[in-house]
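**Q** Note that the protein sequences, when read in sequence, are chains A and B. Heads up: the first sequence at position 115 corresponds to 115 in my numbering, and the numbers run straight through without jumps. Heads up: the second sequence at position 165 corresponds to 286 in my numbering, and the numbers run straight through without jumps. Using N, Cα and C, we set each Cβ at its ideal position, and we do this for glycine too. Keep in mind it's a predicted model, so treat the numbers as computed, not measured. A single structure is presented below for examination.
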Amino acid sequence: MTRVLIADDSETILLLLRTRLEMEGYEVLTAADGVEVIEAMRAADPGPDILLLDAMMPRKSGIDALRELRADGVKTPTLIVSAHQDQMDAGAATDVEVSGYVTKPIDFEALFARIAELTET
Amino acid sequence: MIGVARFLQQRQDFENATARSYQLEIAARNRLAAGTHTSGARAVIVTQQHKRQQLREDIDGETRDTALLVGAGLIAGLTGAALLFSGLISSMRRPLEELVEASGRLAGGDLEARVKVGGLSETAALGSAFNEMAAELQRRAGERDQLETMKDEFVLTASHELRSPLTSVQGFAELLMLEREKLSPKQADTVEIILDNTRHLVRLLNDLLDLARSDAGRLTIKPTPTDAGPLVEDAARTMRSQTEAKGQSLHLRADPNLPRINVDRDRIRQVLVNLLTNAHEYCPEGAAIGVTAKRHDTEVEMIVSDDGPGMAADQLEHIFERFTRGDAGLTQHVGGTGLGLAISKSLVELHGGTIAAESSPGRGSTFRIHLPAIPADAADGPKTGVPVDFSAHRQEGAL
């Protein structure tokens, strides 16, 4: 079963994402910020197949968490969720390897298609 | 002045001498008439007549000399005055030229424009008044810029903060609709209303965000060489189900051999969808809507037209301003935000194009977009016949 790690500081968004992803048949891990993302990545065995990280979170942003993970050699495909285009542009300007961006409100059909594409083996 | 006084004195002397001569001659004539000293009297008369003749010749000569003198004096005076004035003028001219130049720069938006204060007291006063005015303008512009920045930041932040709860509302409403069969018809309708309104709020947020970006000069486009035909087809395809639901016809006509255009596909598509949405929403059931793309000199012209209610001239005049909506928008259920055309105009102009509207009541509306075509020799690859690969573009962009 494909494992998805989702990170968002909003419990409601996490619940929404978890519900929709589980309905699609994915196994879901959650994190409330970037620090928890890194902890979850170390603890999870096997590691998730794909990360879905909110760009802006307290303590550590999704982008910063991903930067650390990439420095540690983590190659897991990652989608960054951002509130709007400006954040996306800011994110795209960094040197971090990102698989794609998702804007809020989330178009779930497009998101599922993208996850399927990135986790195909 | 000396010349004139001398001239007057000479005239006076001449008049006195002449009068004295006449007196002597008259006395001699009286003596002649009385018969006394007749020979002496005759000599006096002749002498006096000669004397007056001499006096007249002298005065004529002297007057001419004086006139010459006065003339020379006048010329010298004028030359002096001219020299004095040219000195005066040049001492005024430099500061005035500087003022003209600085005013030009200030009017052109250079709020740093100042002049050196100096020269005559009047020009110095003018110069310092100008500098005070420029400083005041700069201060106010600074305050205004600060307010604008605060406004833009506010809109960006508000948009971000509102987006998360909206994502939840829309997401959970969609979740309910996934299990529509478990809802009563009334519940399903209720959820549909929640979804409709959420989508409207999202559109409003997106539009406000675009306008704030536009105001802040941060509305950016990522142009790539694009075929106009597929772009217009794509916009029409997006609208097809909505126009069909309202019994409206949607005619698409894209000329073959259209030149390519250097545009941000998503943004021009947004403009076309906005125009088509307006036509769809403001036109009654059964209306005819058309979207056309054709070559127009060195440009590609995209036309969105309808045979709907149209607009009056006073309404047409303000159609591209913010929060301007057609009458139908106030009375019927029209989903627009009143920002679409203002954003469309910004976006088209950002591409170096133009957008214009023609309409009159009862005769429908026509919107024309003109976008510069890529010159045939500069186009990379074939101009036509190759469909644009939208999927490749989507992969780079957002979901």
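Helix, strand or coil: how does DSSP classify B/THR157 here?
**A** Note: B/THR157 maps to coil in three-state DSSP.
**Q** Tell me A/THR78's beta-bridge partners as DSSP assigns them.
**A** Paired residues: A/LEU51.
**Q** Taking all protein chains shown into account, decide if B/GLN130 is buried (16 or more other Cβ within 10 angstroms of its Cβ) or exposed.
**A** So B/GLN130 counts as exposed.
**Q** Taking C-alpha atoms, which residue in B/PRO377, B/HIS417, B/THR319 and B/GLN391 lies nearest to A/LYS104?
**A** Looking at the Cα atoms, B/THR319 is the closest of the given residues.
**Q** Count the other CB atoms, across all protein chains shown, that sit within 10 Å of the CB of A/ASP45; report buried if there are 16 or more and exposed otherwise.
**A** The residue in question, A/ASP45, is exposed, as its Cβ has fewer than 16 Cβ neighbours within 10 Å.
**Q** Helix, strand or coil for B/GLN363 per DSSP?
**A** Looking at B/GLN363 - three-state DSSP - the assignment turns out to be helix.
**Q** Give the residues of chain A in contact with B/GLN308, contact being defined as C-beta atoms less than 9 Å apart.
**A** Near B/GLN308 there are no residues of chain A at all, since even the closest Cβ is about 19 Å away, more than 9 Å.
**Q** List, in order along the chain, the chain B residues whose C-beta lies closer than 9 Å to that of A/ARG3?
**A** Within 9 Å Cβ-Cβ: nothing; A/ARG3 doesn't reach chain B, min ~20 Å.
**Q** What's the gap between the Cα of B/ARG150 and the Cα of B/GLY192?
**A** Approximately 43 Å, taken between the alpha carbons.
**Q** Along chain A, which residues have their Cβ under 7 Å away from the Cβ of B/VAL323?
**A** Under the 7 Å cutoff, chain A gives PRO105.
**Q** Along chain B, which residues have their Cβ under 8 Å away from the Cβ of A/SER10?
**A** Here the neighbours are SER285 and SER289.
**Q** How long is the line joining the alpha carbons of B/MET271 and B/GLY240, rounded to whole angstroms?
**A** Looking at the two C-alpha atoms, the distance is approximately 43 Å.
**Q** Which residues mark the beginning and the end of the alpha helix (DSSP H) in which B/HIS522 is found?
**A** As shown, chain B starts at 122 and ends at 520. That puts residue 522 of chain B outside it, with no answer to give.
**Q** Could you pull out every residue in the same chain whose Cβ sits closer than 6 Å to the Cβ of B/LEU451, ignoring the five residues on either side in sequence?
**A** The predicted position of B/LEU451 is uncertain, since its pLDDT is 49 and thus under 50; no value can be drawn from it.
**Q** Would you mind sorting B/LYS466 into buried or exposed? The rule is 16 or more other CB atoms within 10 Å of its CB.
**A** Counting Cβ neighbours within 10 Å, B/LYS466 comes out buried, since at least 16 surround it.
**Q** By DSSP, does B/PRO380 sit in helix, in strand, or in coil?
**A** If DSSP states are grouped into helix, strand and coil, B/PRO380 belongs with coil.
**Q** The beta strand (DSSP E) with B/MET524 in it runs from where to where?
**A** Because residue 524 of chain B is not part of the residues shown, which for chain B are 122 to 520, the question remains open.
**Q** Of the residues B/PRO496, B/GLY156, B/LEU176 and B/ARG484, which one's Cα is nearest the Cα of B/ALA140?
**A** The option with the nearest alpha carbon to B/ALA140 is B/LEU176.
**Q** Tell me the rounded alpha-carbon separation between B/THR341 and B/ALA333.
**A** Between B/THR341 and B/ALA333, the C-alpha separation is close to 12 Å.
**Q** List, in order along the chain, the chain B residues whose C-beta lies closer than 9 Å to that of A/ARG20?
**A** Under the 9 Å cutoff, chain B gives GLY292, GLU295, LEU296 and LEU299.
**Q** For chain A, is any of its Cβ atoms less than 7 Å away from the one on B/HIS281?
**A** Chain A, which has a Cβ nearer than 7 Å to the Cβ of B/HIS281, makes this yes.
**Q** Is the shortest distance between the beta-carbon of A/ALA83 and the beta-carbons of chain B less than 7 Å?
**A** With 7 Å as the cut-off, A/ALA83 counts as an interface residue toward chain B.
**Q** Could you compute how far the alpha carbon of A/ASP72 sits from the alpha carbon of A/ALA43?
**A** So the two alpha carbons sit approximately 15 Å from each other.
**Q** DSSP three-state call for A/GLU97: helix, strand or coil?
**A** Three-state DSSP puts A/GLU97 in coil, outside helix and strand.
**Q** By how many angstroms is the C-alpha of B/ARG127 removed from the C-alpha of B/PHE135?
**A** Cα-Cα distance, rounded: 12 Å.
**Q** Could you check whether the Cβ of A/LEU14 sits closer than 7 Å to any Cβ belonging to chain B?
**A** Chain B, which has no Cβ nearer than 7 Å to the Cβ of A/LEU14, makes this no.
**Q** Once you ignore the five residues that flank B/PRO220 on each side, which residues in its own chain have a CB closer than 7 Å to its CB?
**A** According to the sequence as given, residue 220 of chain B is Leu; it is not Pro. Cβ within range, chain order: VAL236, LEU247, GLY248 and PHE251.
**Q** Quick check on the burial criterion: 16 or more other C-beta atoms within 10 angstroms. Buried or exposed for A/LEU53?
**A** Classification of A/LEU53: buried, given that the 10 Å Cβ count is 16 or more.
**Q** Tell whether a beta-carbon distance below 7 Å holds between B/VAL75 and B/HIS472.
**A** Residue 75 of chain B lies beyond the range of chain B shown here (122 to 520); nothing can be said about it.
**Q** Is it right to say B/THR347 is buried, meaning 16 or more other beta carbons lie within 10 angstroms of its own, or is it exposed?
**A** So B/THR347 ends up on the buried side.
**Q** Leaving out the 5 sequence neighbours to the left and right, which residues in its chain are closer than 6 Å to B/THR168 when beta-carbon positions are compared?
**A** Contacts found: none.
**Q** Between B/VAL392 and B/ILE382, what straight-line distance do the alpha-carbon atoms span, to the nearest angstrom?
**A** Approximately 15 Å between the Cα atoms of the pair.
**Q** So, at 7 Å on beta carbons, what are the nonlocal neighbours of B/GLY350 in its own chain, with the 5 sequence-adjacent residues on each side left out?
**A** If we look at B/GLY350 and ignore the five residues flanking it on each side, its Cβ neighbours are ALA375, LEU379 and ALA414.
**Q** Just to confirm before moving on: does the CB-CB distance between B/GLY368 and B/ASP427 stay below 7 Å?
**A** Contact flag unset, no.
**Q** So, are the CB atoms of A/LEU16 and A/ASP8 less than 7 Å apart?
**A** No. Outside cutoff.
**Q** Less than 7 Å separating the beta-carbons of B/SER480 and B/GLY407?
**A** Their beta carbons are not under 7 Å apart, which means B/SER480 does not touch B/GLY407 by this criterion.
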